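Take a look at the structure below.
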Amino acid sequence: MKVLVDTCIWSLALRSKGIQGSNADFLICAVSTRNNMPIFSIDNDFNHYKKHIPIALHVPRVTKK
25 MKVLVDTCIW SLALRSKGIQ GSNADFLICA VSTRNNMPIF SIDNDFNHYK
75 KHIPIALHVP RVTKK
């Protein structure tokens, strides 16, 4: 239940600042913070969210080919 509350709070907080995101994105953010896990995604929206909510993003290693 706390995850859903976090999802709603962050969604409203970011929308009040003009930042829109999907409910699924905010749910991913809430689950990752509640479980102390970084988010693995190539979606740049999470970089915008990170400026306003306490999420951790996984930074992949770059390999040379």
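Numbers given in this note's numbering equal positions in the sequence shown, counted from 1, plus 24. Every residue, glycine too, gets a C-beta built ideally from N, C-alpha and C. These figures come from a predicted structure and were not determined experimentally.
(message) Which same chain residues end up closer than 7 Å to His82 when comparing Cβ atoms and leaving out the 5 residues on each side of it in sequence?
(response) The sequence position of residue 82 within the sequence shown is 58, counting from 1. Closer than 7 Å at the Cβ level, and outside the excluded window around His82, lie Pro62, Ile63 and Phe64.
(request) Note down the Cα distance separating Phe50 from Cys32, rounded to an integer number of angstroms. (result) As a working mapping, residue 50 is identified with position 26 in the sequence shown. As a working mapping, residue 32 is identified with position 8 in the sequence shown. Cα to Cα, Phe50 sits roughly 8 Å from Cys32.
(request) Using alpha carbons as the reference points, say which of Ser40, Lys75, Gly45 and Arg58 lies closest to Val29. (result) Looking up residue 29 in the sequence shown gives position 5. The residue with the shortest Cα to Cα distance from Val29 is Arg58.
(request) Using a threshold of 9 Å, state whether the C-beta atoms of His72 and Ile52 are closer than that. (result) Residue mapping note: residue 72 aligns to position 48 of the sequence shown, counting from 1. Residue mapping note: residue 52 aligns to position 28 of the sequence shown, counting from 1. No, Cβ-Cβ distance for His72 and Ile52 is not below 9 Å.
(message) DSSP three-state label for Ile63, please.
(response) Position 39 of the sequence shown, counted from the first residue, corresponds to residue 63. Ile63 falls in the strand class under three-state DSSP.
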